[in-house]
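Before any comments, here is the structure.
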Amino acid sequence: MRVCIVGTGYVGLVTAACLAEMGNHITCVDIDSQVVNGLKNGRVHIYEPGLEELVQRNQSGGRLEFTTDLQEGIKDVLFVFICVSTPAQTDGSCDLSFVYKAAEEIGSCMQDYKIVVNKSTVPVGTADKVREIITKKLKSRSSRLEFDVVSNPEFLKEGDAVNDFFKPDRVIVGTDNVRTAELLKVLYNPFARSREKLMVVGTRSAEMIKYAANCILATKISFINEVANVCELVGADVREVRRGIGADRRIGYEFIYPGAGYGGSCFPKDVRALIKTAENAGLSPRLLQAIHEVNEDQKLLLPRKIEAYFQPQGGVKDKSLALWGLSFKANTDDMREASSLALIDYLIEKGMRIKAYDPEAGKKAKDYFRQEDRVTIVDDEYQALADSQALAVITEWNQFRTPDFVQIKEKLTAPVIFDGRNLYDPELLADLGFAYFSIGRAGPI
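Quick note on my numbering: the sequence shown kicks off at 1057 and runs consecutively.
So this is what it looks like as structure tokens:
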């Protein structure tokens, strides 16, 4: 099949590369000429494991092309996927201007029947608005071309997006058109060989499924973080509590890892967006509001522990902290709404200096903090330790899981570790002479 992908961010580029891998011909359209030129030369502008090789292989095979010209991109294609950004606005609602702009341009350029597939994360009712925009554009051209609008939300985890696309748990298709549903089934069949995964629902239900899915995962994270904070106060160990509750098949072990709060481009934005959707519908979503508030507080838990530790030593002012991790999770370079940023902002405001390392987000971080002289981004995790009074770990990169504790102790001015992801064994660190602070376990140990 011939497909046009509008937008080459995480969702758009992964969708394009994976569809091309199955033999489809994909044309990606993006307004950023620098990004398009880079992709034409095999340079992928985002870090996602396995993506660059996939892009290069399918581009070499002639199945994947890139352009800034939408009219060229949608020529002779059946499907047009909208995969543009929907950033959060100050009131929590989604900025849909990129989606609406894409719809307008599709309406201006299309010359034959199209199935417009909205894969961007959008509020309930957006598909109806996209249909309205395209219809209006076609009328202005005195055109009676037919088209369909489908909601097809993505469920890709950053850091494992390629695998998620190839092996989806489900494929949600929001449409009331039987023919359109069958055509999408053909497109997605190669990704559902072991069992039927395509679920056809109404467009508004499809849009709601995306928000509901992300919000329930955010709920589990905020819940286990609040439980961890209670454990710490009453002397329970959240590791043992997690094992006990996770053994219940109704609960499971997924997304109940206590830590420094969730971040990224999805959970924070989607929780706020569903809150705004509920409020616009006349409902006060108390549970969703609590999920968001708990997470915002959790992001400040580790910096407050650091502040409390140094209080008897004259406070954090003019002291140096080594920070391991900047991305919001491992296996990505994405720092959007990362817990590391909340920690850094809190501590530099009080005069602390930060030396940080991240294996993938370091380059972005150097640009992000280029005007902040209290933050230094280094190229090696052990380099960050030199002359620092403590180490904080806030992203669970594999290389941080079993570090050289002897070297850490030698390089720090004092053997102190603040662990925001519970990576280390408290008993081991106690034996090695570290003051160790973690989440949900009585401390310091």
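Yeah, the Cβ is synthetic: ideal placement off N, Cα and C, and Gly gets one too.
query: Since I believe VAL1092 is in contact with THR1124 (beta carbons under 8 Å), could you give me their beta-carbon distance rounded to a whole number of angstroms?; result: 5 Å
query: Could you check whether LYS1385 and GLY1320 sit closer than 8 Å to each other, using their CB atoms as the reference points?; result: yes
query: Buried or exposed for SER1116, going by 16 or more other Cβ atoms inside 10 Å?; result: exposed
query: Closer than 8 Å is the cut-off here; do at least three beta carbon pairs connect the segment 1412-1431 with the segment 1338-1355?; result: no
query: Which of the three DSSP states is assigned to ALA1329 in this structure?; result: helix
query: Where does ARG1497 land, buried or exposed, given buried means 16+ other C-beta within 10 angstroms?; result: buried
query: Please return the same chain residues whose Cβ sits closer than 6 Å to the Cβ of HIS1348, not counting the five positions on each side in sequence.; result: VAL1327
query: Based on the DSSP secondary-structure assignment, which residues constitute the bridge partners of MET1255?; result: ILE1228
query: Flag this pair as yes or no: are the beta carbons of GLU1263 and SER1176 separated by less than 8 Å?; result: no
query: Please state whether the Cβ-Cβ distance between GLU1202 and TYR1169 is less than 8 Å.; result: yes
query: May I have the straight-line CA-CA distance separating ILE1501 from ALA1183, to the nearest angstrom?; result: Any answer about ILE1501 is weak, because its pLDDT of 44 lies below 50 and its placement is not dependable; what the coordinates show is given next. Taking the straight line from one Cα to the other gives about 54 Å.
query: Would you decide whether GLU1393 is buried or exposed? Buried here means 16 or more other CB atoms lie within 10 Å of its CB.; result: buried
query: Output yes or no for whether 8 Å exceeds the beta carbon distance between LEU1479 and GLU1452.; result: yes
query: Alpha carbon to alpha carbon, what distance is there between LYS1373 and ASP1225?; result: 49 Å
query: Contact check, ALA1467 vs LEU1488 under 8 Å by CB: the rounded distance?; result: As written in the sequence, residue 1467 is Lys, which differs from the Ala given in the question. 14 Å between Cβ atoms; not a contact.
query: Compare the Cα-Cα distances from HIS1081 to each of GLY1163, SER1089 and PHE1122 and report the closest residue.; result: PHE1122
query: On a Cα-Cα basis, can you pick out the residue from ALA1268, GLU1210, ASN1281 and ILE1228 that is closest to VAL1257?; result: ILE1228
query: Given ASP1443, which residues of its chain have a CB within under 7 Å of its CB, disregarding the five upstream and five downstream residues?; result: SER1376 and THR1469
query: Would you call ASN1336 buried or exposed, if buried means 16 or more other Cβ atoms sit within 10 Å of its Cβ?; result: exposed
query: Mark GLU1104 as exposed unless 16 or more other C-beta atoms lie within 10 angstroms of its C-beta, in which case mark it buried.; result: buried
query: By how many angstroms is the C-alpha of GLN1463 removed from the C-alpha of GLY1370?; result: 27 Å
query: Taking the alpha carbon of ALA1346 as the point to measure from, which residue in LYS1276, GLY1065, GLU1238 and TYR1244 has its own alpha carbon closest?; result: LYS1276
query: Let me know if ARG1409 comes out buried or exposed under the rule of 16 or more other beta-carbons within 10 Å of its beta-carbon.; result: buried
query: In three-state terms, what does DSSP make of ILE1301?; result: helix
query: With GLY1411 as the anchor, note down where its beta strand (DSSP E) starts and where it stops.; result: Per the sequence presented here, residue 1411 reads as Lys, with Gly not at that position. That run of the beta strand (DSSP E) goes 1409-1413.
query: ALA1491 lies in the beta strand (DSSP E); which residues open and close that run?; result: 1491-1493
query: Which ranges would you report for the alpha helix (DSSP H) in the segment 1370-1422 if only whole runs of at least 4 residues count?; result: 1395-1405
query: Could you check what DSSP says for ILE1272 in three-state terms: helix, strand or coil?; result: helix
query: Below 8 Å, can you find three or more Cβ-Cβ pairs linking the segment 1414-1430 to the segment 1358-1365?; result: no
query: Using the beta-carbon count (16 or more within 10 Å), is GLU1214 buried or exposed?; result: buried
query: Give me the Cα-Cα distance between TRP1380 and PHE1456, rounded to the nearest whole angstrom.; result: 8 Å
query: Could you give the distance in angstroms between the alpha-carbon of ARG1299 and the alpha-carbon of ILE1102?; result: 35 Å
query: For VAL1472, I'd like the list of residues in its chain whose CB is within less than 6 Å of its CB, leaving aside the five on either flank, ordered along the chain.; result: ALA1446 and ALA1491
query: Indicate whether the contact test is met: 3 or more Cβ pairs, each with one atom in the segment 1183-1193 and one in the segment 1265-1280, closer than 8 Å.; result: no
query: What does ARG1477 pair with, by DSSP beta-bridge criteria?; result: According to DSSP, ARG1477 bridges with nothing at all.
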